[in-house]
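First residue of the sequence shown: 139, per this note's numbering; consecutive thereafter. Structure first, then comments.
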Amino acid sequence: MLTALKKNTGFCGRRGPLVLMILDGVGIGKYNEGDAVANSYMPFFSQLLKACPNTRLKAHGQAVGLPSDADMGNSEVGHNAIGCGRVLAQGAKLVNEAIATERLFNGAVWKELVANCKSKNSVFHFIGLFSDGNVHSHIDHLKAMLERAKKDGVKRAAIHILLDGRDVPETSALDYLDPFEKFLSEISKDGFSCRIASGGGRMFITMDRYGANWDMVKKGWDIHVRGKGRLFPNAREAIVTLRKESGAIDQDLPPFVISDDARSPIAPIKDGDSVVYFNFRGDRAIEITQAFEDDNFDKFDRSPRPDVLYAGMMQYDGDLKIPKKFLVDPPAIEKTVGEYLCASGMKQMAISETQKFGHVTYFFNGNRSGYFDKKLETYVEITSDIVPFEQRPWMKCAEITDKVCEAVLSGKYEFIRLNFPNGDMVGHTGVYAAVITAMDGLDLCIERVANAVRSAGGILLISADHGNADDMYEHGKDGKVLLDENGQIRRKTSHSLNPVPCIIYDPEFKGDYSTKLKEGLGISSLAATCIGMLGLLPPSDYDPAVTDFK
């Protein structure tokens with residue numbers, strides 16, 4: 139149980155609330171071409187950058203606990219860092235270490251999965267995101283597990299690939315598939331057989347989150363488990379054919395099942411099999427895990443539900459114990475901002491729409507479900523539309539703004555945190571015009587919240603968890619925009635490596651902190667900044683605030 143934070147006698151906060159506004163996926167671009175943030179009509183946001191104290195914060199790589207600075211940040215690790223005020227080793231780094239030290243393979247769960255296959259002569263299945271994006275998964279982790287499964291005596295393995303095109307270039311699936319198929323042919327000998335059994339785009343099947351669209355999970359269940367879907371002799375033919383027919387990029391590609399005889403699937407998941415979901419990130423792993431594990435599952439008809447031994451790469455929800463078995467211990471994140479403020483008796487509100495609701499609650503709270511103190515916390519979820527984001531790029535930012543303005547003016551809360559998903563969710567579509575529209579609409583909402591904060595006498599702290607909308611085109615090392623084989627601009631659907639803004643809008647500023655904000659910090663510094671702006675002294679082990687308080 140945490141104790142209350144001490145009050146800062148030199149800075150007692152403001153009469154109104156502190157509002158932390160997270161502009162998801164809105165970074166500060168490096169190139170003008172393809173920067174939908176800089177090139178959109180955002181007069182109010184631009185005004186804030188000119189008139190208010192601001193700085194740039196790192197939001198990728200080692201600044202958010204990832205293995206290297208070549209790794210883009212993401213919403214999970216970003217909200218973890220913002221919420222806990224420190225940099226902790228995250229999923230990708232933890233899995234790398236567990237494989238390198240063989241701790242993963244020496245663990246009880248891996249040994250149990252292997253023993254199950256050997257004793258029953260059954261198939262070892264691997265389901266997960268098929269790329270090296272290092273946001274949800276990494277193909278090298280999959281390769282290492284397949285090699286070890288063979289070494290440990292497993293005879294048959296099957297892979298169910300979820301095509302990316304979101305954390306990596308939008309039509310890069312074959313760049314991963316072709317060398318992987320060669321890898322499979324090289325290890326499929328000496329009594330070991332391993333093949334791709336099914337697949338589809340990550341935004342079409344399996345990888346739903348926050349209960350936004352359970353039909354995605356059902357589609358995944360149908361092809362991975364039941365083997366029911368359009369049949370193809372191999373994954374390459376499936377991808378080429380479906381891409382030509384649908385015009386979809388990888389993340390939206392329809393599902394497929396591999397069959398040798400054009401009648402039956404080669405490896406549906408059956409009784410007695412072992413299954414690993416090899417994504418390490420939790421938000422898009424929980425629902426498919428529940429479909430395998432939950433005895434009281436009611437989201438869709440699972441029959442037949444196979445009796446399998448199931449494990450996740452990590453435990454995706456420690457409170458709900460999802461999954462029951464996992465290969466790598468997740469990061470232990472304690473002493474978050476939310477927990478400290480509850481211990482200090484401060485009333486809080488967290489709000490976003492479905493697509494990012496778990497980020498301002500679960501991830502912000504250190505991968506913890508539920509409340510620290512329900513009497514002091516209010517969580518508000520605005521239901522997201524189930525449509526392609528490029529078709530409704532404003533998403534639910536107006537509805538979020540309505541609720542936030544009401545909360546600011548109500549006087550009920552001392553700390554309000556919100557996430558506007560537009561820059562990230564629309565940015566991932568690669569549709570530049572839609573992102574411009576998203577940013578234009580977002581600016582109106584920022585201004586509305588700022589006006590409410592001014593009326594209430596509060597402070598508005600604006601930042602982001604990572605970049606995306608700021609870098610919508612692929613660029614070469616020389617900075618020039620890259621073109622595809624048809625002479626068209628190569629769209630970028632992944633996050634950027636760019637810094638993110640940090641702006642303090644404080645209409646009733648009293649000279650009680652430095653307006654020259656620090657440089658070179660990461661987004662983990664937002665935690666101490668929030669606590670300081672509430673008139674409290676941040677914990678000694680938090681990363682420093684972006685300003686010095688009196």
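Where is the CB? At the ideal position from N, CA and C, for every residue including glycine.
Query, Result
"Straight-line gap, Ile-554 to Tyr-314 (C-alpha atoms, nearest Å)", "42 Å"
"Residue from Ser-507, Phe-558, Pro-442, Pro-461 whose Cα sits closest to the Cα of Thr-492", "Phe-558"
"Start-to-end residues for the alpha helix (DSSP H) that takes in Tyr-517", "It is not in any alpha helix (DSSP H) - Tyr-517 instead sits in the beta strand (DSSP E) that spans 515-520."
"Given 8 Å, three or more beta-carbon pairs between the stretch 223-235 and the stretch 256-263", "no"
"Asp-523 (DSSP reduced to helix, strand or coil)", "coil"
"Straight-line Cα distance separating Phe-510 from Ser-206", "33 Å"
"Contact between the stretch 329-341 and the stretch 281-301 (3+ Cβ pairs under 8 Å)", "yes"
"Counterpart residues of Asp-455 in DSSP-defined beta bridges", "Ile-460"
"Span separating the alpha-carbon of Cys-190 from that of Lys-462", "48 Å"
"Bridge partners - Ser-397, DSSP secondary structure assignment", "Pro-403"
"Touching by the beta-carbon criterion (3+ pairs, under 8 Å), the stretch 403-416 and the stretch 361-377", "yes"
"Nearest-angstrom Cα separation, counted from Lys-688 out to Leu-659", "20 Å"
"Element boundaries [beta strand (DSSP E), containing Met-159]", "156-161"
"Helix, strand or coil at Val-697 [DSSP, three-state]", "Past the edges of the chain, shown from 139 to 688, lies residue 697, and the structure says nothing about it."
"Three-way DSSP call (helix, strand, coil) for Cys-332 in this model", "strand"
"Touch test, the stretch 572-582 against the stretch 172-180, Cβ-Cβ under 8 Å, three pairs minimum", "yes"
"Rounded straight-line distance, which links the Cα of Glu-285 to that of Phe-502", "36 Å"
"N- and C-terminal bounds of the alpha helix (DSSP H) containing Gly-216", "213-222"
"Distance between beta carbons of Ser-213 and Asp-603, contact taken as under 8 Å", "5 Å"
"Nonlocal neighbours in the same chain, by C-beta distance under 6 Å from Glu-612, ignoring five residues either side", "Leu-620, Arg-628, Lys-630"
"Under 8 Å between C-beta atoms of Pro-637 and Gly-199", "no"
"DSSP three-state assignment for Tyr-611, whether helix, strand or coil", "strand"
"Collapsed DSSP secondary structure at Thr-239 in the structure displayed", "coil"
"Coarse secondary structure for Arg-628, derived from DSSP in three states", "coil"
"Validate contact between the stretch 581-601 and the stretch 528-548 using beta carbons, cut 8 Å, 3 pairs", "yes"
"Environment of Met-139 [buried if 16+ CB atoms lie within 10 Å]", "exposed"
"For His-298: DSSP bridge partner residues", "Ile-265, Ser-336"
"Distance, Lys-188 Cα to Lys-288 Cα", "60 Å"
"Test item: CB-CB of Gly-385 and Tyr-415 under 8 Å", "no"
"Counted within 10 angstroms of its Cβ, other Cβ atoms place Gln-185 as buried (16 or more) or exposed", "exposed"
"Beta-carbon contacts of Glu-585 that lie in its chain and below 7 Å, excluding the five residues immediately before and after", "Phe-182"
"Alpha-carbon spacing of Gly-338 relative to Cys-640, whole angstroms", "38 Å"
"Proximity of Gly-266 and Asn-417 at Cβ, strictly below 8 Å", "yes"
"Segment limits, beta strand (DSSP E) that includes Ile-599", "According to the sequence provided, residue 599 is Leu. The question's Ile does not apply to it. It spans 597-601 - the beta strand (DSSP E) in which Leu-599 sits, taken as one unbroken run."
"Residues of its chain near Lys-437, where Cβ-Cβ distance is below 6 Å and the 5 sequence neighbours each way are ignored", "Trp-352"
"Helix, strand or coil at Glu-425 according to DSSP, with G and I counted as helix", "helix"
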